[in-house]
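Peer 1: Numbering (our numbering), first residue to last: 838 to 1280. Positions of the beta carbon are idealized from the N, C-alpha and C atoms, including for glycine. Note that the structure is a prediction, hence the values are computed from the model and not measured.
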Ligand code: UDX
Ligand code: ADP
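Here it is as structure tokens:
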């Protein structure tokens, strides 16, 4: 079997390289020539743990990259669509899905043999059948179920852990138009025999992805709402969430009669809000989709509302000590929306830093991997420290906004400072007693 993957972004490149690693022949396509050239040279265009190694190991063996979509589709048996589906301010923007579907249709027009087209991009229910399918039929003049099959296979990849999540998935959801489509999907995932594979219809697969992301985002906003209440009555939200979490319904695993508390995967962790390329856009796109079905989404509306307000809680904490931020030397630690990635899309850190700048604080930023991306965003308005120690030199306030492991060294690094800075912990990653002046979300 040979696969073509359209789009060599986070989803396409990770999926393509992981399937190549499993021994399947893969050709990845992108319109971005510089990106494809880099991949061909073995240079991974995104920062993602373990991806470099997969590229080095598989390039020009089971993995190839090209800008020629027609050739890629024609020389493959299956095409996976992994282009971006941004939110345009009102609804999901399907322009890349539409273009890719047309191009696939054109390529299939002169291809012999059965072909399966699989949507991996996150798309609102109905998109695969109402947007992708008609374009393939129109441009190929071929017939669904006879000449080609259709599938929808959502990804559940966390940035920073995407390779691990692909290689060791919790489940694989395979939406298929008919039995034949399901059969080819099963062949693709044959190397993942010991994983639960759910064979469902296409719309159900589409909705599963949104439901998963909306639930996780809801848990985070719920935790932030509780944290804000806890803080205002003098209770530590971390202790509360610990107490809630040790319920077997949230923490089912036991070791020596103690529940294993998986703090890193709970989504009950209060902080300065969720960001990234998925939760904000997916929840908003789903709300817009649901409104077209005339179903209100009061809960999800609140999830977004809480998330948009949460970054400003960090500013409130700073203002308890510095009512005016003008001229206050402030070190912002972490611009990436979470650790393990250089992705700054929708990062709460951007919003917080923008307020600090607007209120004329003297900001220095530090991020171990996202400096280049952040510098473009701030277009020179924010100086970056090269090391954590440099960021902490001569500062009055330290604000932690990304849970980078390295920031665990802050207490030690400021411990010899005769006039230690205020530490505002937007991710509750430090022990509240580890620094002389500490403020944290939900405390
Ligand atoms: C998410 C989903 O987890 C993944 O399954 C899906 O396929 C894509 O979207 P990702 O965007 O990489 O993955 O990030 P994730 O690790 O889920 O975190 C999202 C945001 O939520 C981050 O900004 C993180 O800091 C925040 N978060 C997460 C919290 O504020 N509290 C938590 O308890 C967990
Ligand atoms: P995601 O994070 O969902 O993977 P990205 O935006 O990072 O999304 O990546 C999508 C990739 O798809 C981009 O590199 C973009 O250039 C590419 N792309 C979009 N449309 C097409 C197309 N018609 N053919 C090939 N590549 C495409």
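Report whether the distance from the Cβ of residue 866 to the nearest heavy atom of the ligand ADP is below 7 Å.
Peer 2: Checking the Cβ of residue 866 against the ligand ADP gives yes.
Peer 1: Could you name the residues that DSSP lists as bridge partners for residue 952?
Peer 2: Paired residue(s): 985.
Peer 1: Hey, out of 871, 877, 874, 842, whose CA is closest to residue 863's CA?
Peer 2: The shortest C-alpha separation from residue 863 is found at 842.
Peer 1: Residue 1147: beta carbon under 7 Å from a heavy atom of the ligand ADP?
Peer 2: No, Cβ of residue 1147 sits at least 7 Å from all heavy atoms of the ligand ADP.
Peer 1: Alpha carbon to alpha carbon, how far is residue 1252 from residue 1044?
Peer 2: Taking the straight line from one Cα to the other gives about 50 Å.
Peer 1: Residue 1229 and residue 1173 - do their beta-carbons sit closer together than 8 Å?
Peer 2: It is not a contact, given that the beta carbons lie outside the stated cut-off.
Peer 1: Could you give the distance in angstroms between the alpha-carbon of residue 989 and the alpha-carbon of residue 1219?
Peer 2: Straight-line Cα distance between these residues: approximately 43 Å.
Peer 1: Tell me, please, which residues DSSP counts as bridged to residue 841.
Peer 2: Looking at the DSSP assignment, residue 841 forms a beta bridge with 864, 916.
Peer 1: Less than 7 Å between C-beta atoms, sequence neighbours within five positions excluded: which residues of the same chain meet that for residue 857?
Peer 2: Around residue 857: 863, 895, 899, 900.
Peer 1: Measuring straight from C-alpha to C-alpha, what distance separates residue 1042 and residue 987?
Peer 2: Going from the Cα of residue 1042 to the Cα of residue 987 covers about 12 Å.
Peer 1: Return the CA-CA distance between residue 1194 and residue 933, expressed in angstroms with no decimal places.
Peer 2: Distance between the alpha carbons of residue 1194 and residue 933: 35 Å.
Peer 1: Which value, in whole angstroms, describes the spacing of the CA atoms of residue 1199 and residue 1147?
Peer 2: Answer to the nearest angstrom: the Cα atoms are 22 Å apart.
Peer 1: Could you tell me the alpha carbon to alpha carbon distance between residue 1273 and residue 1065, rounded to whole angstroms?
Peer 2: Their backbone Cα atoms lie some 23 Å apart in a straight line.
Peer 1: Quick one: complete alpha helix (DSSP H) runs, 4+ long, within the stretch 1169 to 1216?
Peer 2: Correct list: 1185 to 1195, 1208 to 1215.
Peer 1: Could you tell me whether the Cβ atoms of residue 1155 and residue 1261 are closer together than 8 Å?
Peer 2: Yes.
Peer 1: For the alpha helix (DSSP H) containing residue 1020, list its first residue and its last residue.
Peer 2: Here the alpha helix (DSSP H) through residue 1020 covers 1016 to 1025.
Peer 1: Just how far apart, CA to CA, sit residue 1024 and residue 1031?
Peer 2: Rounded to whole angstroms, residue 1024 to residue 1031 spans 14 Å at the Cα level.
Peer 1: Whose C-beta lies closer than 6 Å to the C-beta of residue 1197 among residues of the same chain, with five residues either side of it excluded?
Peer 2: Cβ neighbours of residue 1197 beyond the five flanking positions: 1163.
Peer 1: Is there at least one non-hydrogen atom of the ligand ADP closer than 7 Å to the beta-carbon of residue 928?
Peer 2: Checking the Cβ of residue 928 against the ligand ADP gives no.
Peer 1: Please identify the residue among 866, 1245, 1157 whose C-alpha is closest to the C-alpha of residue 1259.
Peer 2: Among 866, 1245, 1157, the Cα nearest to that of residue 1259 is on 1157.
Peer 1: Could you give the distance in angstroms between the alpha-carbon of residue 1250 and the alpha-carbon of residue 1003?
Peer 2: Using only the alpha carbons, I get a separation of about 37 Å.
Peer 1: Are three or more beta carbon pairs between the stretch 879 to 887 and the stretch 911 to 918 nearer than 8 Å?
Peer 2: At 8 Å Cβ cutoff, the stretches do not touch.
Peer 1: At the level of alpha carbons, what is the spacing between residue 1180 and residue 1104?
Peer 2: If I take the Cα positions, the gap works out to 19 Å.
Peer 1: May I have the straight-line CA-CA distance separating residue 1254 from residue 1211, to the nearest angstrom?
Peer 2: The alpha-carbon atoms of residue 1254 and residue 1211 are separated by roughly 28 Å.
Peer 1: Find out if the Cβ-Cβ distance for the pair residue 953, residue 985 is shorter than 8 Å.
Peer 2: Yes.
Peer 1: Using the rule of at least 16 other Cβ atoms within 10 Å of the residue's Cβ for burial, across every protein chain shown, is residue 1124 buried or exposed?
Peer 2: Residue 1124 should be labelled buried.
Peer 1: Does DSSP put residue 1087 in a helix, a strand or coil?
Peer 2: Residue 1087: coil per DSSP, three-state reduction.
Peer 1: Is it buried or exposed for residue 1119, if we count other Cβ within 10 angstroms and need 16 for buried?
Peer 2: With 16 or more other Cβ atoms within 10 Å, it is buried.
Peer 1: Which residues does DSSP pair with residue 1033 in a beta bridge?
Peer 2: Per DSSP, 1008.
Peer 1: Helix, strand or coil: which one does DSSP assign to residue 1124?
Peer 2: DSSP places residue 1124 in helix when its eight states are reduced to three.
Peer 1: Run through the DSSP bridge pairs and tell me what residue 903 is partnered with.
Peer 2: BP columns for residue 903 point to 866.
Peer 1: Tell me whether the beta-carbon of residue 994 lies closer than 8 Å to the beta-carbon of residue 848.
Peer 2: Yes, the pair counts as a contact, with Cβ atoms nearer than the cut-off.
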